[in-house]
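Note that my numbering has the sequence shown beginning at 6, numbered continuously upward.
Just so it is clear, CB atoms sit at the ideal spot from N, CA and C, and this is done for glycine as well.
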Amino acid sequence: MKDTEKDGGNDPALLAFGKKLGLTALLVVVLLLVRATFNVFMMVLAASLIALYFHGLADIVQRRTNIGRRWSMTISVAGSFLLLLILLFLIGSKVQSQVEELSSRFPSMVEEAKGRLNESAAGRKVLEQFSGDNAKKVAGTAQQFFSSTFGVLGDLYVILFLGIFFTASPGIYKKGIIALVPAKGEAAAEDILDKLGTKLKNWLKGKIFAMAVVAVLTAVSLAIIGVPMIFALALIAGALNFIPNFGPIMAMVPAVLIGLSQGTDTALLIAGIYVLIQVIESNFITPLVQNKLVSIPPAMIIAGQLIVGSLTGYLGIILATPLVLIVMVLVQELYVKKKRRAE
6 MKDTEKDGGN DPALLAFGKK LGLTALLVVV LLLVRATFNV FMMVLAASLI ALYFHGLADI
66 VQRRTNIGRR WSMTISVAGS FLLLLILLFL IGSKVQSQVE ELSSRFPSMV EEAKGRLNES
126 AAGRKVLEQF SGDNAKKVAG TAQQFFSSTF GVLGDLYVIL FLGIFFTASP GIYKKGIIAL
186 VPAKGEAAAE DILDKLGTKL KNWLKGKIFA MAVVAVLTAV SLAIIGVPMI FALALIAGAL
246 NFIPNFGPIM AMVPAVLIGL SQGTDTALLI AGIYVLIQVI ESNFITPLVQ NKLVSIPPAM
306 IIAGQLIVGS LTGYLGIILA TPLVLIVMVL VQELYVKKKR RAE
């Protein structure tokens, strides 16, 4: 009887089932932990991008000047903050006043836009899709968004401080991650981390360049046609260009509403300008940069924004692209290359 119980306890099928059950339970626990802490992970990712920006700029300084790493990092950080202070000194007060004006005028601009739309049959059909309550909710939400844009950035000061810590001592955190890997896989883990860093740096270079171009093109174009608050609108257009797909549409809304207050033709002209700038950015600037740096399939970006955005809100939508890039590199290194070697 004891032998039977002993054999039953060592039944290979039962042991295999127990192992699968344990792995499934572990996977469920891990997924629940990821779901609960995913927002923290996105904040760490944002801080990592800040550190990568400073290190990428330091790489450029080091290549051009042949000075030591410590001095190149000092120039990178100090130069970035000095440039920010100069910009704030030159246009900071003007941008702040224009953003405040845009926020306070937003409800009245919505009402003016409704009046303009009422002048045409097509416009009245558009208005019929929105009740009075819905229009007020949209206006209130939009006003809150534009009035709290810089507040949100201020509330994310934790990301900035984390980024500074990552910038100051990246080796500590890199070694900590590698230490979690079995000894035989440490070299491969270090190689993957280096590739992730390079890919993210290249993506960040291209994105910053595209954002700057969009901001400049927006400011120049709006100045030519005499639209007010060009600094605020250009800053919004450049900043929101960081968010693929949804950002440019969000940036166009306040500009078109300002245009509607001056006339339907002006609003259509502004919409056309924004669309043209996005066509230039999407078909010329981004492909030119991506060919030299990094390329990500657009469909994967949209899917990533929808999935990650549903988990973490605005942070997920903003940081979906670098997250997709990380997943692509990990799949390539951990699965595709091993599969090819096995074949």
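Evaluate residue i with the Cβ neighbour count: other Cβ atoms within 10 Å of its Cβ, from every protein chain shown; 16 or more gives buried, anything less gives exposed.
i, result
"residue 149", "Confidence is the limiting factor: at residue 149 the pLDDT is only 48, short of 50, which leaves the residue's position unreliable and the question unanswerable from this model."
"residue 42", "exposed"
"residue 288", "exposed"
"residue 334", "buried"
"residue 343", "exposed"
"residue 24", "exposed"
"residue 172", "buried"
"residue 238", "buried"
"residue 177", "exposed"
"residue 345", "exposed"
"residue 322", "buried"
"residue 312", "exposed"
"residue 65", "exposed"
"residue 19", "exposed"
From which residue to which residue does the alpha helix (DSSP H) around residue i run?
i, result
"residue 289", "No alpha helix (DSSP H) holds residue 289; DSSP gives it neither H nor E."
"residue 166", "162-173"
"residue 211", "191-229"
"residue 244", "235-245"
"residue 95", "Counting along the chain, residue 95 falls outside any alpha helix (DSSP H), and DSSP gives it neither H nor E."
Are the CB atoms of residue i and residue j nearer to each other than 7 Å?
i, j, result
"residue 219", "residue 246", "yes"
"residue 329", "residue 306", "yes"
"residue 256", "residue 264", "no"
"residue 59", "residue 81", "yes"
"residue 206", "residue 61", "yes"
"residue 47", "residue 164", "no"
"residue 107", "residue 259", "yes"
"residue 290", "residue 242", "no"
"residue 249", "residue 326", "yes"
"residue 168", "residue 52", "yes"
"residue 294", "residue 181", "no"
"residue 275", "residue 261", "yes"
"residue 315", "residue 117", "no"
"residue 57", "residue 209", "yes"
"residue 236", "residue 96", "yes"
Please find out if some non-hydrogen atom of the ligand NAD comes closer than 6 Å to the beta-carbon of residue i.
i, result
"residue 82", "By its list of ligands, the structure shown contains no ligand whatsoever, and the ligand NAD lies outside what it can speak to."
**Asked** Between the stretch 194-201 and the stretch 222-238, are three or more C-beta pairs nearer than 8 Å?
**Response** Contact between the stretch 194-201 and the stretch 222-238 is not established, with fewer than three Cβ pairs separated by less than 8 Å.
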